[in-house]
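Reading through the structure tokens given below for one structure.
Chains as they are written, first to last, in the numbering used here: chain D, 9 to 278; chain S, 9 to 278.
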């Protein structure tokens, strides 16, 4: 079991309740990473569902939780042959901090030789990445910043999209990077939950700074990923009235589109 | 009051309950239009919220409802200074057929002379529409098809994106049209709820046919629209394993991005 698998465990207590423990390794300053919280929640949902894979997750980020014990409550709203729809709520001290609808279904295992299953069509990637050797990590965070999250994953950025670090933002919302877990672990749906929210806010490239709280994030799991590093391609369409959207496309090492997310977030203050 | 306003009325019964009536004008064969159902639900949510505008709606389509009376149950999960998060569920005979999380907030009124409010950036439209005079309506549906919905709105399509009608699909998932209500009515957030789900499924242009049931649809209201017709620009990134995504960008008559939606749906059978 990897550290990530361990830190996202959900232990069934009864038909509608799972115990989880929010791990200090996934902190970002005073907050806990939203993708990590979704991964923990999805462990409970998938365990409870007759279907194996979270194909659609719509998450509402309500409050910043504390480290340590929390509860996931699951409520199966509908279960059919093809899909199950679950409402999941993460709670501390009887107060919800994350709630979501999750549709589970069963996807085909990754198989590079598989024949298409019915009508198949895929758009080209929204941006072309330079070779991984030309990509760059962010500088190591200062210990006092409490960015423990950064040690859990390796992000290697398309250099212009971190130009904001040195006062050269590209002038539009965008961010692109290769992603893998710091310890050896092939991507699975729970790693993808982390990955869809792993990039710095796209608005940094448009000149914004500060923590940008996610209000709503919906992501779709479209295929089980091939082993190897992922590519994260993020952009946004509109920054206005203090709000922005962030779209993330996740491609696996075989170049296949494996996840899509969009979130609505608030611009940071200062 | 327009017919649409009347058909989407929600009457408050008590703190958590609204009575609504699903109108035969919004049927599509044996189904009722999903965007219309969202508009009805949002009337109740907005009436109940201290905030005026549904900025994020994540809807789970569970079952096909019947025409006539239904109930909307609202549960305010969180209410703060900037946003309120509500769970809304539409029910008939104690069985939910649509459930959603809705974030409400307050946006600025449309004002062509307004100064930007903080950092502002907008992507160009994802496709350029031909002039409205060069666009074409779908042929009138046969009365026995029970497509009453088509009489409520006027859609004028970018011709190649309805080439599938005459055996000439473009070969990729796409659909684009000018949209307005059949009776005089300027767009508002409820009309936008209808509009984001108003196009034929994008997969028709990729060679698919048949009813394509929406599983999950999330849409963001990004700005209050200018009066006049809307432009709907839809595409998809992946068709695989019987699933497809559909992205819709809605621009107002001033060319501003006013709504964004993405849905995950199943390919029709036959």
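Think of the CB as a built atom: it goes at the ideal place given N, C-alpha and C, for glycine as much as any other residue. The structure displayed is predicted, hence computed values, not measured ones.
Taking Cβ positions, are residue i and residue j nearer each other than 7 Å?
{"i": "residue 266 of chain S", "j": "residue 231 of chain S", "result": "yes"}
{"i": "residue 242 of chain S", "j": "residue 254 of chain S", "result": "yes"}
{"i": "residue 32 of chain D", "j": "residue 80 of chain D", "result": "no"}
{"i": "residue 261 of chain D", "j": "residue 236 of chain D", "result": "yes"}
{"i": "residue 272 of chain D", "j": "residue 228 of chain S", "result": "yes"}
{"i": "residue 92 of chain D", "j": "residue 59 of chain D", "result": "yes"}
{"i": "residue 238 of chain S", "j": "residue 258 of chain S", "result": "yes"}
{"i": "residue 74 of chain D", "j": "residue 191 of chain D", "result": "no"}
{"i": "residue 218 of chain D", "j": "residue 274 of chain D", "result": "no"}
{"i": "residue 42 of chain S", "j": "residue 205 of chain S", "result": "yes"}
{"i": "residue 82 of chain S", "j": "residue 56 of chain S", "result": "yes"}
{"i": "residue 26 of chain D", "j": "residue 34 of chain D", "result": "no"}
{"i": "residue 144 of chain S", "j": "residue 165 of chain S", "result": "yes"}
{"i": "residue 155 of chain D", "j": "residue 147 of chain D", "result": "no"}
{"i": "residue 122 of chain D", "j": "residue 72 of chain D", "result": "no"}
What is the C-beta distance between residue i and residue j, in whole angstroms, given that I count them as a contact (C-beta under 8 Å)?
{"i": "residue 201 of chain D", "j": "residue 64 of chain D", "result": "With a Cβ gap of about 12 Å, residue 201 of chain D and residue 64 of chain D do not count as contacting."}
{"i": "residue 220 of chain D", "j": "residue 233 of chain D", "result": "Their Cβ separation, rounded to whole angstroms, is 27 Å, which puts residue 220 of chain D and residue 233 of chain D out of contact at 8 Å."}
{"i": "residue 115 of chain S", "j": "residue 249 of chain D", "result": "6 Å"}
{"i": "residue 128 of chain S", "j": "residue 247 of chain D", "result": "6 Å"}
{"i": "residue 85 of chain S", "j": "residue 107 of chain D", "result": "6 Å"}
{"i": "residue 66 of chain D", "j": "residue 105 of chain D", "result": "Not a contact, Cβ separation roughly 16 Å."}
{"i": "residue 252 of chain D", "j": "residue 181 of chain D", "result": "7 Å"}
{"i": "residue 207 of chain S", "j": "residue 183 of chain S", "result": "4 Å"}
{"i": "residue 78 of chain D", "j": "residue 30 of chain D", "result": "6 Å"}
{"i": "residue 203 of chain D", "j": "residue 240 of chain D", "result": "6 Å"}
{"i": "residue 94 of chain S", "j": "residue 53 of chain S", "result": "5 Å"}
{"i": "residue 90 of chain D", "j": "residue 226 of chain S", "result": "Incorrect: roughly 20 Å between the Cβ atoms, too far for contact."}
{"i": "residue 179 of chain D", "j": "residue 214 of chain D", "result": "7 Å"}
{"i": "residue 131 of chain D", "j": "residue 102 of chain S", "result": "Between residue 102 of chain S and residue 131 of chain D the Cβ distance is about 42 Å, and since that is not below 8 Å, they are no contact."}
Verify the CB distance criterion: does residue i have a CB-CB separation below 7 Å to chain S?
{"i": "residue 40 of chain D", "result": "no"}
{"i": "residue 86 of chain D", "result": "yes"}
{"i": "residue 129 of chain D", "result": "yes"}
{"i": "residue 191 of chain D", "result": "no"}
{"i": "residue 265 of chain D", "result": "yes"}
{"i": "residue 249 of chain D", "result": "yes"}
{"i": "residue 109 of chain D", "result": "yes"}
{"i": "residue 126 of chain D", "result": "yes"}
{"i": "residue 224 of chain D", "result": "yes"}
{"i": "residue 54 of chain D", "result": "no"}
{"i": "residue 242 of chain D", "result": "no"}
{"i": "residue 64 of chain D", "result": "yes"}
{"i": "residue 96 of chain D", "result": "no"}
{"i": "residue 216 of chain D", "result": "yes"}
{"i": "residue 93 of chain D", "result": "yes"}
Please decide whether residue i counts as near chain D, where near means a Cβ-Cβ distance under 7 Å.
{"i": "residue 50 of chain S", "result": "no"}
{"i": "residue 245 of chain S", "result": "yes"}
{"i": "residue 270 of chain S", "result": "yes"}
{"i": "residue 228 of chain S", "result": "yes"}
{"i": "residue 68 of chain S", "result": "yes"}
{"i": "residue 82 of chain S", "result": "no"}
{"i": "residue 254 of chain S", "result": "no"}
{"i": "residue 32 of chain S", "result": "no"}
Looking at the ligand SAH, does it come within less than 6 Å of residue i, judged from the CB to the closest heavy atom?
{"i": "residue 106 of chain S", "result": "Absence of the ligand SAH from the depicted structure is noted, as is the absence of any ligand whatsoever, leaving it without description."}
Whole beta strand (DSSP E) runs in the stretch 41-91 of chain S with 3 or more residues, listed along the chain?
-> 61-69 and 76-87
Counting pairs of beta carbons, one from the stretch 169-178 of chain S and one from the stretch 39-56 of chain S, are three or more of them closer than 8 Å?
-> no
Unbroken alpha helix (DSSP H) runs of length 4 or more, entirely within the stretch 158-221 of chain S: which are they?
-> 197-203
Examine the Cβ distances between the stretch 181-188 of chain S and the stretch 148-162 of chain S and report whether three or more of them are shorter than 8 Å.
-> Contact annotation: the stretch 181-188 of chain S touches the stretch 148-162 of chain S, with at least three C-beta pairs closer than 8 Å.
Any beta strand (DSSP E) of 3 or more consecutive residues that is wholly inside the stretch 219-256 of chain S | 222-229, 238-243 and 246-248
Residue ranges of each beta strand (DSSP E) within the stretch 93-154 of chain S, 3 or longer | Here the runs fully enclosed are 103-113.
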